[in-house]
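The next block holds one structure in the form of structure tokens; read it before the comments.
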Amino acid sequence: MASHRLPVVIVPGFCSTRLEVAHSDVCPSWKGRKVWLGLSSIGFSAMHGKGTFDNEEALSLKNKWLRHLVLADPESESSGVRLRPVEGLEGVKYLDPDSFMGLAAEASYVFAPVIKALADVGYVEGVDLIAATFDWRFAPSVLEKRDGYFSSLIDSIETLNESNGPNRQRGVVLLAHSMGNKVVSYFLEFAKQRRGQAWLDRHVHTWIAAGAPHLGAAQALRSTIFGDKFGLDAFVTNSEAIAFGRSLSACPWLFPIGSQAESCCFQLRRGLFQKIREVMKFALLLDSAQEDIYIYIYLLSCFV
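Per this note's numbering: the sequence shown = residues 445 to 748.
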């Protein structure tokens, strides 16, 4: 059975990769700590509703946390700060696995249930399962310019594809969620320009698009105009939410687009195309995140 499995590359969505501090002049002791969404790891303990705190020290801590996350401009982080995505499956299992000594980790799950389900049928990280984590704050061109993200993804897919014995040259499965599908769409065009269609035919077998915002997402526009607290209402004020949302160069990437996008937009398998309207019909079947998990596994089983 293992010899027939296709390698899987998980591409997470917006806010779905943990971010850690690689360098900080603002708070040097935070180096190596998770700031998205590791609130407990950086010492939050005196939070109350509406963004109020017990003392000025706690308020200062929150301000430092925000300074680490807010971008200075579309291509740059705040002065003296450098964050990097947590690599591998650990970066996409849970956003805050250490919260309350791990007791509240389940509340911050992202791909953990999917990864467990894949592990249960024999998938092994680094062998036939990887996660292509990225800094979701930046637009795709910046990801390539700053981190070489899409070039590295090409290399990772080649390595994964070529090291899977009987499955060599069958290609990998790109399993993407939410904005991760925008990343995949950009990647396919990037790889086609760099390596050609023949490379895609050889190295990409299937693209599973879950919760894909092919026509954009109204919430991205709302977040840019009015701000978005990303579920952190307990301690992020309205003005802070606006500053945060407007600083992210990835947000415009998710703005709703017009009917011109209703042409064929991606290739599920060689020679088979799926139109936007059909994707939207399929999306109506996804009533909950739990159902998404079973659909992921079902679709994977169709391609082995």
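C-beta atoms are modelled at their ideal positions from N, C-alpha and C, and glycine is treated no differently.
Model, not experiment: these values are computed from the prediction.
By the three-class DSSP mapping on this structure, what secondary structure does residue i have?
{"i": "HIS658", "result": "coil"}
{"i": "LEU513", "result": "helix"}
{"i": "ALA402", "result": "The question about residue 402 has no answer here: the residues shown for the chain are numbered 445 through 748."}
{"i": "SER468", "result": "strand"}
{"i": "SER520", "result": "strand"}
{"i": "TYR630", "result": "helix"}
{"i": "ASN605", "result": "helix"}
{"i": "LYS475", "result": "coil"}
{"i": "LEU676", "result": "coil"}
{"i": "ARG581", "result": "coil"}
{"i": "ILE686", "result": "helix"}
{"i": "PHE699", "result": "coil"}
{"i": "GLY671", "result": "coil"}
{"i": "GLY592", "result": "coil"}
{"i": "HIS448", "result": "helix"}
Pull up the CB-CB distance for residue i and residue j, whole angstroms please, since I reckon it's below 8 angstroms.
{"i": "PRO529", "j": "THR603", "result": "The Cβ separation is near 19 angstroms, so there is no contact."}
{"i": "ASP672", "j": "ALA656", "result": "Not quite, the Cβ-Cβ distance comes to about 20 angstroms (not below 8 angstroms), so this is no contact."}
{"i": "LEU527", "j": "ALA466", "result": "6 angstroms"}
{"i": "GLY457", "j": "HIS647", "result": "Actually they do not touch by this definition, with Cβ atoms about 22 angstroms apart."}
{"i": "LEU450", "j": "VAL565", "result": "Incorrect: roughly 12 angstroms between the Cβ atoms, too far for contact."}
Pull up the DSSP beta-bridge partners for residue i, would you.
{"i": "THR681", "result": "Per DSSP, none; premise fails for THR681."}
{"i": "LEU618", "result": "VAL453, TRP651"}
{"i": "LEU463", "result": "TRP480, PRO529"}
{"i": "ALA575", "result": "ILE454"}
{"i": "SER691", "result": "The partner list for SER691 (beta bridge, DSSP) is empty, contrary to what the question assumes."}
{"i": "GLU569", "result": "LEU573"}
{"i": "TYR553", "result": "TYR538"}
As a quick exercise: from the options, pick the residue whose alpha carbon is nearest that of residue i.
{"i": "ALA694", "options": "ILE559, LYS626, VAL455", "result": "LYS626"}
{"i": "GLY689", "options": "ASP564, VAL514, VAL616", "result": "VAL514"}
{"i": "LEU618", "options": "LEU692, LYS636, TRP580, LEU573", "result": "LEU573"}
{"i": "PRO584", "options": "TRP697, SER473, LEU463", "result": "TRP697"}
{"i": "ALA575", "options": "PHE699, ILE701, VAL452", "result": "VAL452"}
{"i": "PHE653", "options": "VAL455, ILE601, TRP580, LEU450", "result": "Contrary to the premise, residue 653 reads as Ala rather than Phe in this sequence. Checking every option, the nearest Cα to that of ALA653 belongs to VAL455."}
{"i": "LEU659", "options": "SER520, PHE594, PRO700", "result": "PRO700"}
{"i": "GLY524", "options": "SER596, LYS475, LEU644", "result": "LYS475"}
{"i": "THR668", "options": "LYS508, SER683, ARG462, SER522", "result": "SER683"}
{"i": "CYS471", "options": "LEU510, CYS459, ARG449, LEU450", "result": "LEU510"}
{"i": "CYS459", "options": "PHE679, SER691, PHE674, THR681", "result": "PHE674"}
{"i": "SER691", "options": "ARG462, SER522, ALA642", "result": "SER522"}
{"i": "ARG581", "options": "HIS649, TRP480, ARG614", "result": "TRP480"}
{"i": "VAL680", "options": "GLU531, VAL571, VAL586, LEU505", "result": "LEU505"}
{"i": "PHE555", "options": "ARG462, ASP677, HIS649, ARG449", "result": "ARG462"}
{"i": "GLY570", "options": "ASN608, SER473, LEU644", "result": "ASN608"}
{"i": "SER520", "options": "THR650, ASP579, SER596", "result": "ASP579"}
{"i": "THR752", "options": "ARG638, ARG614, MET623", "result": "Limits of the chain in this structure are 445 at one end and 748 at the other, which puts residue 752 out of reach."}
{"i": "LYS508", "options": "SER468, GLU531, LEU587, GLY566", "result": "SER468"}
{"i": "HIS512", "options": "SER473, TYR567, ARG638, GLN637", "result": "SER473"}
{"i": "PHE437", "options": "ALA687, ASP677, VAL628", "result": "The chain is shown only over 445 to 748; residue 437 falls outside these bounds and no answer can be derived."}
{"i": "ARG590", "options": "GLY566, ASP677, GLN637, PRO518", "result": "PRO518"}
{"i": "GLU531", "options": "LYS636, LEU450, TRP643, TYR593", "result": "TYR593"}
{"i": "SER596", "options": "TYR567, ARG638, MET623, VAL568", "result": "ARG638"}
{"i": "LEU587", "options": "VAL628, GLU606, TRP643, GLN641", "result": "VAL628"}
{"i": "HIS448", "options": "TYR567, ASP542, ALA516, SER600", "result": "TYR567"}
Shorter than 8 angstroms from the beta carbon of residue i to some beta carbon of chain B?
{"i": "VAL514", "result": "Judged by its chain identifiers, the structure shown contains no chain B, having just a single protein chain."}
Can residue i be considered in contact with the ligand PLP, in the sense that its beta carbon sits closer than 7 angstroms to one or more heavy atoms?
{"i": "ILE601", "result": "By its list of ligands, the structure shown contains no ligand whatsoever, and the ligand PLP lies outside what it can speak to."}
| query | Is there contact here, the segment 660-667 with the segment 630-639, by at least three beta-carbon pairs under 8 angstroms? | reply | no
| field | Cβ contact (3+ pairs, closer than 8 angstroms) linking the segment 550-562 and the segment 535-542 | value | yes
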